[in-house]
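Worksheet for the structure shown next.
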DNA sequence: TAATGTTTTGCAATCGATTGTAATAATCGC
DNA sequence: GCGATTATTACAATCGATTGCAAAACATTA
């Protein structure tokens with residue numbers, strides 16, 4: 284593997300001159316620069332970042348930890364973060380924590396050992412299970428920014444979407460259409476004060492409605508069972524709020540199997556705005572979490588912290604607003 | 284940031300002893316080991332991999348370059364590769380090339396600069412555009428394994444699914460059901476000798492059928508137009524082979540809009556076995572590319588090469604067979 | 001020409017680990 | 001108690017870059 288001293292020997296100059304020439308330093312003569320750069324190119328020289336990073340005590344690397352990549356929301360976020368990080372001249376080191384806490388802890392340890400300059404963390408679980416790893420990082424001066432609300436992490440920077448507001452929008456939309464009997468399906472992703480269900484309920488409460496058909500189904504079988512129960516009711520709901528788009532897709536499937544038409548007989552709203560929602564028929568009304576804003580804010584924040592551009596000791600808390608995407612799966616209830 | 288010498292000072296021993304103690308070397312006294320390990324734990328010491336990797340001249344890192352992460356096939360593959368790599372005691376460095384060749388080249392350069400021990404490359408395009416980067420890596424002794432067939436890379440190791448065989452299965456299945464007029468929709472992913480269309484056509488040819496309704500639509504609008512044209516034919520096809528599952532989903536959507544029922548009036552087959560195919564109704568018959576096998580083979584191969592366990596100079600070519608997944612979207616043609 | 005100032009280059013230290021080898025301490029046999 | 005052997009430990013070199021500072025080369029002016 285070709286190294287700096289090889290180029291130095293070829294060019295008949297010292298290593299320091301080569302290093303400076305390749306960095307286009309004004310301290311070296313233009314002719315020497317040209318020669319060195321030419322030789323380096325010809326020889327296919329590429330800097331050894333392991334060595335450089337050790338010397339300059341920085342890796343220009345931002346770590347991103349996400350639970351998995353199977354859930355289609357993450358790929359979107361990852362891509363956006365990757366682009367922004369790259370744009371800022373940093374590299375992204377992506378870790379999949381696999382939604383299990385031991386592995387999440389491993390990811391953080393690995394990022395520490397690699398001396399990442401900053402870390403973005405999406406936790407899969409409610410509490411900050413990897414508290415000690417996070418604290419180690421913070422203690423060592425590595426800024427950590429959380430993406431998504433986590434219990435017991437009030438001292439950390441946080442960027443998140445206002446799920447409660449999204450839930451409120453959904454509730455308001457359905458109520459405005461005239462719905463009074465609304466079922467809720469899907470596992471509750473605990474977002475503490477920003478829970479989408481709490482916003483949804485708030486909207487209903489404002490109209491004096493109390494939703495009482497809340498179930499936590501998320502697997503195919505569970506959703507099937509819930510749908511079966513709902514349509515067997517003497518007075519079935521006229522609308523369903525699915526906690527996630529993929530649950531909405533399952534709702535579509537089983538309503539279809541039960542020969543219930545959407546939105547004529549039952550309206551359906553999702554949450555997440557996955558592409559999936561446009562593949563199904565009718566296209567799904569849903570809530571878009573502005574992943575681009577989240578990514579941008581998160582990267583900006585973590586970079587500001589790494590560069591000490593933001594030395595405000597108080598934890599920052601950036602909350603971006605989601606957006607209701609109106610499509611075809613909702614209509615006023617039939618009389 | 285706490286380092287080896289800090290622990291050495293605390294323990295009153297030399298750095299070498301600390302290093303060996305933490306590595307559980309038999310060269311150090313058990314008592315000293317215990318003391319050092321205890322102190323290191325208390326102080327929250329974590330090895331600096333930048334320094335270690337420089338010294339040991341290895342990063343125990345495998346690079347994985349994928350075009351994007353939005354296409355749901357990749358997440359599946361990534362997760363599998365990540366698991367296998369971790370299992371083998373290596374770290375994964377994931378790069379998103381964004382399907383554009385300049386960026387792909389950047390990814391490879393970055394992996395080179397980081398001195399990854401091995402690289403797995405999924406190219407988005409047909410030819411090996413980043414030939415020079417790949418050659419640099421190979422020349423420097425870094426093994427590169429391609430995932431998916433690429434033109435002009437016959438000298439590199441390759442792991443791939445036999446798309447042609449998958450296409451053959453689809454063709455045979457439809458012909459066996461009795462279909463004679465079959466349309467093909469979707470952009471052709473050039474797989475050279477392993478193209479799924481060529482296998483498909485082979486199956487049809489064996490029964491004396493020549494498919495002549497091949498279109499390259501892949502966007503929503505394109506598919507809509509093609510479907511419109513097809514159903515307006517005097518003798519519409521009785522089956523459609525969609526090149527990708529997501530194209531099949533669009534086909535579903537527009538056939539539904541044209542009030543054509545699946546599979547009663549038209550059968551549909553996809554390719555890729557995305558989760559999407561089970562969310563739509565009727566569930567999609569498709570071809571599963573065994574991502575787990577591909578991931579396992581690829582990781583094994585690249586690790587064998589990095590560890591020089593496999594010093595066979597000839598490029599390896601591992602081809603795994605796909606599987607036809609029979610679901611609900613196919614039926615014999617109506618008379 | 002000598003003194004001065006300005007470019008340009010090289011020396012050597014440094015980053016934080018690992019590891020071969022030498023030095024020291026402990027153990028043993030007699 | 002002493003040499004031989006073995007178990008521990010420390011010294012110092014090394015990995016491949018970067019960078020402060022001194023030295024050398026060159027240009028400028030009196």
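Chains as they are written, first to last, in the working numbering: chain W, 284 to 618; chain A, 284 to 618. By construction, the Cβ of each residue, glycine as well, lies at the ideal position given by its N, Cα and C atoms.
Pick from the options that is closest to residue i, judged by C-alpha positions
| i | options | result |
| --- | --- | --- |
| residue 460 of chain A | A:487, A:361, A:602, A:507 | A:487 |
| residue 357 of chain A | A:339, A:328, A:373, A:430 | A:430 |
| residue 328 of chain W | A:398, A:526, A:601 | A:398 |
| residue 598 of chain A | A:606, A:585, A:604, A:590 | A:585 |
| residue 508 of chain A | A:518, A:540, A:361, A:480 | A:540 |
| residue 477 of chain W | W:470, W:471, W:446 | W:446 |
| residue 341 of chain W | W:604, W:589, W:606, W:605 | W:589 |
| residue 351 of chain A | A:471, A:336, A:404 | A:404 |
| residue 525 of chain A | A:458, A:576, A:567, A:418 | A:567 |
| residue 355 of chain W | W:605, W:554, W:602, W:603 | W:554 |
| residue 601 of chain W | W:365, W:444, W:337, W:335 | W:444 |
| residue 448 of chain W | W:480, W:471, W:371 | W:480 |
| residue 604 of chain W | W:591, W:576, W:298 | W:576 |
Short Cβ contact (9 Å threshold) for residue i with residue j
| i | j | result |
| --- | --- | --- |
| residue 574 of chain A | residue 363 of chain A | yes |
| residue 613 of chain W | residue 534 of chain W | no |
| residue 623 of chain W | residue 491 of chain W | Given that chain W is displayed from residue 284 to residue 618, the structure contains no residue 623 of chain W and the question cannot be resolved. |
| residue 427 of chain W | residue 468 of chain W | no |
| residue 374 of chain W | residue 343 of chain W | yes |
| residue 528 of chain A | residue 559 of chain A | yes |
| residue 433 of chain A | residue 420 of chain A | no |
| residue 305 of chain W | residue 321 of chain W | no |
| residue 489 of chain W | residue 455 of chain W | yes |
| residue 359 of chain A | residue 562 of chain W | no |
| residue 337 of chain A | residue 436 of chain W | no |
| residue 500 of chain A | residue 470 of chain A | yes |
| residue 439 of chain W | residue 458 of chain W | no |
| residue 401 of chain A | residue 425 of chain A | yes |
Neighbourhood of residue i by C-beta, 6 Å cutoff - its chain only, sequence neighbours within 5 removed
| i | result |
| --- | --- |
| residue 466 of chain A | 496, 513, 520, 523 |
| residue 608 of chain A | 556, 569, 571 |
| residue 462 of chain A | 521, 522, 616 |
| residue 378 of chain W | 348, 390 |
| residue 406 of chain A | 433 |
Contact set for residue i: own chain, Cβ-Cβ below 7 Å, skip 5 residues either direction
| i | result |
| --- | --- |
| residue 548 of chain A | 617 |
| residue 494 of chain W | 465, 467, 484, 487 |
| residue 543 of chain A | 514, 549 |
| residue 367 of chain A | 578, 579, 582 |
| residue 413 of chain A | 384, 387, 388, 391 |
| residue 331 of chain W | 286 |
| residue 314 of chain W | none |
| residue 475 of chain A | 432, 434 |
| residue 301 of chain A | 287, 290, 291, 294, 319 |
Cut-off 8 Å between Cβ atoms - residues of its own chain near residue i, not counting five sequence neighbours on either side
| i | result |
| --- | --- |
| residue 326 of chain W | 285, 289, 290, 293 |
| residue 565 of chain W | 545, 546, 610, 611, 612 |
| residue 376 of chain W | 344, 345, 346, 347, 394, 397, 399 |
| residue 310 of chain W | 303 |
| residue 316 of chain W | 304, 307 |
| residue 372 of chain A | 343 |
query: the stretch 390-421 of chain A: which residues have C-beta closer than 8 Å to a C-beta of chain W, in chain order?
result: Here the close residues are 392, 393, 395, 396, 397, 398, 419.
message: What are the residues in the stretch 366-382 of chain A lying within 9 Å of chain W by C-beta distance?
response: Going along the stretch 366-382 of chain A in chain order, one finds 366, 369, 374, 375, 376, 377, 378, 379, 381 with a Cβ nearer than 9 Å to chain W.
task: May I ask you to list, following chain order, the residues of the stretch 505-536 of chain A that have a beta carbon less than 9 Å from some beta carbon of chain W?
output: Flagged, chain order: 529, 532, 533, 535, 536.
- prompt: Considering only residues of the stretch 314-376 of chain A, which uninterrupted alpha helix (DSSP H) runs meet the minimum length of 4 residues and lie entirely inside it, listed in chain order?
  reply: Taking only runs of at least 4 residues, the alpha helix (DSSP H) segments lying wholly in the stretch 314-376 of chain A are 332-339, 356-370.
- prompt: Mind pulling the alpha helix (DSSP H) runs of 4 or more residues that sit fully within the stretch 467-493 of chain W?
  reply: Taken in chain order, the complete alpha helix (DSSP H) segments of 4 or more residues contained in the stretch 467-493 of chain W are 479-489.
task: With 8 Å as the C-beta to C-beta threshold (strictly closer), list the residues of the stretch 591-617 of chain W near chain A in chain order.
output: So nothing in the stretch comes that close.
Chain-ordered residues of the stretch 325-336 of chain A with a beta carbon less than 8 Å from chain W: From the stretch 325-336 of chain A, only 327, 329, 330, 331, 332, 333, 334, 336 have a Cβ closer than 8 Å to chain W.
message: At 3 residues or longer, what runs of the beta strand (DSSP E) sit wholly inside the stretch 485-538 of chain A?
response: Qualifying beta strand (DSSP E) stretches, in chain order: 496-498, 522-525.
- prompt: Which ranges would you report for the alpha helix (DSSP H) in the stretch 564-594 of chain W if only whole runs of at least 4 residues count?
  reply: When DSSP assignments are scanned along the stretch 564-594 of chain W, the uninterrupted stretches of alpha helix (DSSP H) that are 4 or more residues long and fall wholly within it turn out to be 574-589.
- prompt: Could you give the uninterrupted runs of the alpha helix (DSSP H) lying entirely in the stretch 400-471 of chain A, keeping only those of 4 residues or more?
  reply: The qualifying runs are 414-422, 446-460.
query: Listed in chain order, which residues of the stretch 339-351 of chain A have Cβ atoms closer than 8 Å to some Cβ of chain W?
result: Taking a C-beta cut-off of 8 Å against chain W, the contacting residues of the stretch 339-351 of chain A are 342, 351, listed in chain order.
Positions along the stretch 293-321 of chain W whose CB lies within less than 8 Å of some CB in chain A: Cβ contacts with chain A: none found.
- request: Using a Cβ-Cβ cut-off of less than 9 Å, give me the residues of the stretch 559-592 of chain W that come near chain A, in sequence order.
  value: Listed by position, the residues of the stretch 559-592 of chain W near chain A (Cβ gap below 9 Å) are 559, 561, 562, 563, 564, 566.
- request: Name, going along the chain, the residues of the stretch 538-553 of chain A whose beta-carbon falls closer than 9 Å to a beta-carbon of chain W.
  value: With the criterion set as a beta carbon lying under 9 Å from some beta carbon of chain W, the members of the stretch 538-553 of chain A are 539, 540, in sequence order.
field: Selection of the stretch 444-473 of chain W by Cβ proximity to chain A, strictly under 9 Å
entry: For the stretch 444-473 of chain W, which is checked against every Cβ of chain A, not one residue is closer than 9 Å.
- prompt: Just by C-beta distance, which residues in the stretch 473-502 of chain W are closer than 9 Å to chain A?
  reply: Correct list: empty, as no residue qualifies.
- request: Using a Cβ-Cβ cut-off of less than 8 Å, give me the residues of the stretch 421-441 of chain W that come near chain A, in sequence order.
  value: Taking 8 Å as the Cβ-Cβ cut-off against chain A, the residues of the stretch 421-441 of chain W that qualify are 422, 423, 424.
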